[in-house]
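Going left to right, the sequence shown walks through residues -19 to 147 as the numbering used here numbers them.
For every residue, glycine included, the Cβ atom is placed at its ideal position computed from N, Cα and C.
All values derive from a computational prediction rather than experimental measurement.
Reading through the structure tokens given below for one structure.
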Amino acid sequence: MDFLLSYLACLIPVFSALRLAKFNIDSRQTDYFIGLPTPANAILICSLPLILYYGYDFPGMNGNYEIDTLALDSFHGNFIVSLLTNTTFLILLTILVSYILVSELPLFALKFKNFSWENNKIRYLFLIISLILLILFKFIAIPFIIFLYIILSIINNISTKMNQPNP
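Following this line, the structure appears as structure tokens:
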């Protein structure tokens, strides 16, 4: 069974290729992306083994704890290690990101036409929160930043639709 489950990892490059084929010629993507951009997905997936390999450095702890020490000494480390090594979690994550790659979900792009606060609130908010997360949590922040990007995009879409006048 584990042998068959290992093929689920192929979903990521297959759906990345489908995303590129589907959206690369899409003219709607001037101010936003449709579906999760392939590089953002690659950063998310690549961050998971980096977190396990290099360990974590949580605020309030002294030093960089490697995976074995952290798993024994810290609730956070134990939770993160168990999550990132859990087959069910990894399968669900693979299916989720594969779906988001090809979904019609509009995600804001970090393309600045100008630097005004009014036109770029969501971009500035994302960059500020991302920077804070990176400073505080280093590698472990990367998956949260990608999910923050998706959540802020959904909030931005809802807000934009609510502010549009009804015909």
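Proline 17 and leucine 81 have their C-alpha atoms roughly 7 Å apart. Residues Gln9, Ile14, Gly15 of the same chain have their beta carbon placed closer than 7 Å to that of phenylalanine 3, with the five preceding and five following residues left out of the count. Using a Cβ-Cβ distance cut-off of 8 Å, the segment 106 to 117 and the segment 23 to 33 are not in contact, since fewer than three pairs of beta carbons, one from each stretch, lie closer than that value.
Nearest to serine 62 by C-alpha distance, out of Leu87, Val77, Phe88, Leu32, is Leu32.
Residue range 67 to 82 is occupied by the alpha helix (DSSP H) that includes leucine 70.
For proline 123, same chain residues with a beta-carbon under 6 Å away, outside a window of 5 residues either side, are Leu24, Ser27 in chain order. Annotation: aspartate 6 to phenylalanine 88 spans about 15 Å, alpha carbon to alpha carbon.
Leaving aside the five residues that flank alanine 121 on each side, the residues in its chain whose CB is nearer than 8 Å to its CB run, in chain order, Ser110, Leu113, Leu114. Annotated three-state conformation of proline 86 is strand, per DSSP.
CA-to-CA, the gap between phenylalanine 59 and asparagine 66 works out to about 10 Å.
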